[in-house]
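There are 4 protein chains.
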Amino acid sequence: MKIAISTGGGDAPGLNAVIRAAVLSAIDRGWEVLGIKKGYAGLLGDDEVIPLGRDEVRGIGHLGGTILGASNRGNPFHYPVRQPDGSHIEIDRSDELVENARNLGIDAVISIGGDGSLAIAQRLAQKGMRTVSVPKTIDNDVSGTITTFGFDTAVNTAMEAIDKLHTTAESHDRVIVMEVMGRSAGFIALHSGVAGAAHVILIPEIPYDIQCVCEAVMLRDRRGRHFGIVVAAEGAFPRGGYESVMGASLPGQAKRVGGVAETLARQIHEGTGKECRSLVLGHLQRGGMPTGYDRLLATRFGGAAVKAVEDGKWGHMVALQSPDIVTIPIEQVLGKPKRVDLGHDLVLTARRLGISFGN
Amino acid sequence: MKIAISTGGGDAPGLNAVIRAAVLSAIDRGWEVLGIKKGYAGLLGDDEVIPLGRDEVRGIGHLGGTILGASNRGNPFHYPVRQPDGSHIEIDRSDELVENARNLGIDAVISIGGDGSLAIAQRLAQKGMRTVSVPKTIDNDVSGTITTFGFDTAVNTAMEAIDKLHTTAESHDRVIVMEVMGRSAGFIALHSGVAGAAHVILIPEIPYDIQCVCEAVMLRDRRGRHFGIVVAAEGAFPRGGYESVMGASLPGQAKRVGGVAETLARQIHEGTGKECRSLVLGHLQRGGMPTGYDRLLATRFGGAAVKAVEDGKWGHMVALQSPDIVTIPIEQVLGKPKRVDLGHDLVLTARRLGISFGN
Amino acid sequence: MKIAISTGGGDAPGLNAVIRAAVLSAIDRGWEVLGIKKGYAGLLGDDEVIPLGRDEVRGIGHLGGTILGASNRGNPFHYPVRQPDGSHIEIDRSDELVENARNLGIDAVISIGGDGSLAIAQRLAQKGMRTVSVPKTIDNDVSGTITTFGFDTAVNTAMEAIDKLHTTAESHDRVIVMEVMGRSAGFIALHSGVAGAAHVILIPEIPYDIQCVCEAVMLRDRRGRHFGIVVAAEGAFPRGGYESVMGASLPGQAKRVGGVAETLARQIHEGTGKECRSLVLGHLQRGGMPTGYDRLLATRFGGAAVKAVEDGKWGHMVALQSPDIVTIPIEQVLGKPKRVDLGHDLVLTARRLGISFGN
Amino acid sequence: MKIAISTGGGDAPGLNAVIRAAVLSAIDRGWEVLGIKKGYAGLLGDDEVIPLGRDEVRGIGHLGGTILGASNRGNPFHYPVRQPDGSHIEIDRSDELVENARNLGIDAVISIGGDGSLAIAQRLAQKGMRTVSVPKTIDNDVSGTITTFGFDTAVNTAMEAIDKLHTTAESHDRVIVMEVMGRSAGFIALHSGVAGAAHVILIPEIPYDIQCVCEAVMLRDRRGRHFGIVVAAEGAFPRGGYESVMGASLPGQAKRVGGVAETLARQIHEGTGKECRSLVLGHLQRGGMPTGYDRLLATRFGGAAVKAVEDGKWGHMVALQSPDIVTIPIEQVLGKPKRVDLGHDLVLTARRLGISFGN
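Residue numbers (our numbering), protein chains in the order written: chain A, 1 to 359; chain B, 1001 to 1359; chain C, 2001 to 2359; chain D, 3001 to 3359.
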């Protein structure tokens, strides 16, 4: 048996732990493992395919990043090709990919990636490539699995940042708005905000009313708590959409990293008169050593993916359904992104704690 | 409604987050909350009962320890009384406790504690005290709940220690044996060991054979890896029991903290000729700021406990059955401590990774 | 003897450790200690003056922030007064301050603050107030002392951020520009950049040439290192000044936090074609628990300040001249801000390591 | 020019940063660099001598341990040789070493090590080998330099452990004794103890009286502070020596790691009746990623060592005399180990804070 591993999309702490566990689990079965560099570029001649053995995965389980690299060439159906004039067009190189994999004697591919990668794996399967997927999203927005690796690390990174902001916000009677990742799901904001004792949490699932936000800040002020911490997902948006308050583009299209925190800080200052500061946590959330939780989940996913290959679970992804790792058909989760459930006990408890969601 | 909160037994990071969430959730319902200091001593005149309001729980969610204190006077059925000669006898003060609670107008008690506390809550319920429990065990050995708060923090503390030991063990070609908590369940050893890439993990659920341990060390040595990290739960014991190899007491009775690591280091040195060192992580595992996971779980437990009081779930404990917090009757979990399931995917994957369990 | 403590200006981790050490050292001498809240506002009736005893400083040594609070009312010579129309004017309330201090029986004031506070202390001394100063600047730009507390914590915070960015930058072949504090001195950028193995470090002391920066990135690229980490002090500016490249204001006037990183990322992208990202570390550098180095330095400063009061060293500030704490007349350091010495071995070694300073 | 680098003795975080800086600084001068594995074993045919280039030192600056390995074969004058019966004798292989170095074309050796390594470098110099030394001691007990790398990391590791113990000690009204490194110098205990707000600090420089220790614990108890943290250097010993209180061996000979904390915990329990626990921090202090301070100091040492070779400073070691790195003749520091200066302001301030040194 010869398998190949590919990683696609943005970084998530734990990627290397998945790779390590998959490689060692395969070697333990007597299999051979290849690593496809840079998404699928390694299989399309634009980068390498490397053998992965004990030496290659030694001591990488606790490292951030991925030894396979990542790229914007992760989609063989829309593969970017540089034109002589410097511009890019996209072409379909999926048939070439499948054939190259066959020529290399690859029996199955373990594809580690997010929603996009899951869809690609699905389509490659239709062309005859045998794939098993490992879900990867730092935002925790893939359904079918309780959590994904990288999420716990991101939550702790954001929470530790909030811990740091607390003391300085309190000393200076300031409101600090911190923007975290989460374009369409507010899990990082919700989890880090509750864990870090933020006072306002704004998530894409609950359009906010800036007046409610300001009232929450002033309610604290009247109680003698003159500072405030606001955590906002990058996808948080005002009721009515951005264009209603700013004459700007639609929320879903708003890709301006940093805009959310800065805008909120300005609006809260205008609405309350309080000194406000903003901060965008950005790529710090994708970097660094994974937490214990993420190393374990990633390791289990890696081991389970090889088991799924052994069991011929083509077109399936591994998933955490505590306390077990299971496999589920990708088609069950595709197009059904996970969102914060507003009736979940964490949201209800957060409200009881006095946290405002800006509504 | 007037409720009281008591904490019993050893420390677990997250205790204060439970207290804070319970207090704020109760206040939000218009209830009054009392805190019983030092287990149940506060209700027996040996310590205080204090009102818990917003001010008392402000800014404590990220702190280790418990603002209510802990003590060896947590069991009113076996309450220690100091005799004139300095010795202690134990008496049953449970009736007094129930009456004092009634006199203070306490409608219900939220009891945060381990297996022992759950049993006590059960017996107090039989005497007419209305209780809801929150499970607390750093060892993660209470059944009915996926995890308990404090466990994730302990795992990360142990894992970070293993990370530190790796570099120094490797530079010096040493075997380092680290002992972690877990008298009868090996969860901390298993989780921190896999996350930290230990080479041998010894847990109470798998009696070890010292020869297997030595062989695992020498197998690595022959592969050119001249160092090793062994993680041992304090309750790990050799096949046949301690007396068979050391002429010592039975494993279950062995309470000598530190003995396990030191003994193992000596035996591995004797069996392999390699330089060995030992380390007992001890109370470092119980201290410090809780991780994001534990702060969230503790906060949810606190909020859910108040909800359970509201719903009159007397004799129940809150529990994590991902993704939800549920309540289950204490009698369902009493006397059924959770142990590492040897068929669990984490154990199987660990073996695939080449980790030896000493058998 | 009755002394008062005031803190002025921005946060620096270690402030509470100074306060704690000063209070305990004074109590140990049988003195009384008052804390002036919010800069000098507490002495001008706009806030409180509180007694500081053992209980007030218990367990605060490891906390960020300051229990005395900070404010924009730290300068009694230019004290902001809100006008009926909401605007502010500044008036001189220094005489009132000196008299109020006298009426409270304050024999001496320990003033903890930066360059501005040192100047104020100097002027108050001329009005008869006996002061001893403790230098405070996270930027490490006060001369006469090897370092100031808070600086080491900020360097470690920035370095850990760089550590996190390394893995994600490398996986994605990106250039990440991180902006750190340092308006006129580049110590944080230099120290965190070298410690974190950044590839380009831009500081106010060395005006950069964007072409040199791009060349440094491309030199790495040609060596097969396709990513890069650029650390820029907020006060870094291009040779010729900002207006020369952007038609913008003079560098010294540029207070646009975040502008530096974003501008650099755009320019490096344009100059190299590489994918670039920017990040502003901001207030994370001022928050959080102080490192061991800062707790010790702050503690020593606090103890030394009380000793200086005992010795009547009016108009002096405490300073680290390793291995000793000394006192030096404030007038010796006023108006002589410390800058990175371009001939210092750290700069020379950084160049040997291949780090570019953009020139 | 061809230089070689050797590392000797126990681990200290920062070793790899020294190696990296030395290698890159030498390459920048057009020199060639060799790395001697396992102390001097690499030069005596018992291990390797490897070329060190950019690739070998890439990304190692933040890693603990040493890529050159360490061993008990660091002293060529007393080189261990295994006899057929398994025992070891020591022989002088220094002439062979010098000749092998010459045959490899090595012009100079940069020797990174502690007191022992400095003495060896001195003797090798007398045999014609040109050496420059970099002092390495986690205990900070080499004179002539303000600090050595690794010390700051060890202090922070110990301080963070004390932080963790505080909350659990306080909740449970316990006294916890933590043993840290420092056989003959108490710097780690003193610095971590003051930074971590320990209540009793025991160091080799101040023989303790167990009654004073118990009194310090009870004084706190009477003030309502029922817990205590005692930090003891492994070399701390009772006034009169161990034999006087335990009938044991002389303190200087006592190599029983862990004995100090355990003994103290038992004695304090006997003397105060309080519940006591002990903890030995052990090798955790030598492992892990170096702090910013240590990475910078190590980097500067590495760069300065190469500069010293360039300047022909044979027989010198590099040293920190803030703010500069200087070189000093080894003979000036040999046999003059640094000890805690009992008149230093840190000790005096610690006493003012109420910390007991057990005397």
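Cβ coordinates follow ideal geometry from the N, Cα and C atoms, glycine included.
query: DSSP three-state assignment for Met317/A, whether helix, strand or coil; result: strand
query: Of the residues His2316/C, Leu2296/C, Leu2346/C, the one placed nearest Ala2322/C, counting alpha carbons only; result: It is worth fixing the name first, because residue 2322/C is Ser in this sequence and not Ala. Answer by Cα proximity: Leu2296/C.
query: Alpha helix (DSSP H) segment containing Thr1299/B, residue limits; result: 1292–1310
query: Residue-level contact to chain D via CB, Asp1011/B, 8 Å cutoff; result: yes
query: Pair within 8 Å by beta-carbon distance, Thr2007/C and Ile2112/C; result: yes
query: Any chain C beta carbon closer than 8 Å to Arg3300/D; result: yes
query: For Ala1233/B and Ile1188/B, the rounded distance between their alpha carbons; result: 7 Å
query: Under 7 Å by beta carbon: chain B residues contacting Arg352/A; result: Leu1024, Ser1025, Asp1028, Gly1303
query: Below-8 Å beta-carbon distance, Arg2286/C vs any chain E residue; result: Among the protein chains of the structure shown, namely A, B, C and D, there is no chain E.
query: Ile2133/C at chain A interface by Cβ criterion, 8 Å; result: According to the sequence provided, residue 2133/C is Ser. The question's Ile does not apply to it. It does not: the Cβ of Ser2133/C has no partner Cβ on chain A nearer than 8 Å.
query: Where Arg54/A falls, given that 16 or more other Cβ within 10 Å makes a residue buried; result: exposed
query: Arg3277/D in three-state terms, based on DSSP; result: strand
query: Spatial distance of Ser3143/D from Asp3115/D (CA atoms); result: 10 Å
query: Whole-number beta carbon distance between Gly1186/B and Glu1205/B, since they are thought to touch under 8 Å; result: 5 Å
query: Cβ-based contacts, 9 Å cut-off: residues of the segment 154–176 of chain A near chain C; result: Thr157, Glu160, Ala161, Asp163, Lys164, Leu165, His166, Thr167, Thr168, Ala169, Glu170, Ser171, His172, Asp173, Arg174, Ile176
query: Distance CB(Leu1334/B)-CB(Gln1122/B) smaller than 8 Å; result: yes
query: With 16 other Cβ atoms within 10 Å as the buried cut-off, status of Pro51/A; result: exposed
query: Start-to-end residues for the alpha helix (DSSP H) that takes in Thr1167/B; result: 1151–1172
query: Contacts that Ala3195/D makes with chain C (C-beta to C-beta distance below 7 Å); result: Gly2292, Arg2295, Leu2296
query: Residues bridged to Arg82/A [DSSP beta-bridge criterion]; result: His88/A
query: Glu3337/D - DSSP class collapsed to helix/strand/coil; result: Before going on, a small fix: residue 3337/D reads as Pro here, not Glu. In this structure, Pro3337/D counts as coil in the three-state DSSP scheme.
query: DSSP state of Asp1221/B mapped onto helix, strand, coil; result: helix
query: Ile330/A to Ser1025/B span [Cα, whole Å]; result: 40 Å
query: C-alpha distance - Gly193/A paired with Asp341/A, whole-angstrom precision; result: 16 Å
query: Identified DSSP bridge partners for Tyr3208/D; result: Pro3238/D
query: Under 8 Å between C-beta atoms of Ala3195/D and Val3230/D; result: no
query: Beta-carbon proximity of Gly1315/B to Ala1022/B, cut-off 8 Å; result: no
query: Min CB distance Pro3337/D to chain C below 8 Å; result: no
query: CB contact below 8 Å: Val2280/C versus chain A; result: yes
query: Residues of the segment 1313–1331 of chain B whose Cβ lies closer than 9 Å to any Cβ of chain A, in chain order; result: Leu1320, Gln1321, Ser1322, Pro1323, Asp1324, Ile1325
query: Given 8 Å, three or more beta-carbon pairs between the segment 2094–2104 of chain C and the segment 2037–2052 of chain C; result: yes
query: Three-state secondary structure assigned by DSSP to Glu48/A; result: coil
query: For Leu3024/D, the three-state DSSP class (helix, strand or coil); result: helix
query: Where Thr2272/C meets chain D, residues with beta-carbon distance less than 7 Å; result: Ordered by position in chain D, no residue passes the 7 Å Cβ test against Thr2272/C, which lies about 21 Å from the chain.
query: Sequence-distant residues of its chain with Cβ nearer than 6 Å to Arg3225/D (five each side left out); result: none
query: Contacts of Gly65/A in chain B (Cβ-Cβ under 8 Å); result: Chain B residues near Gly65/A: none, gap ~17 Å exceeds 8 Å.
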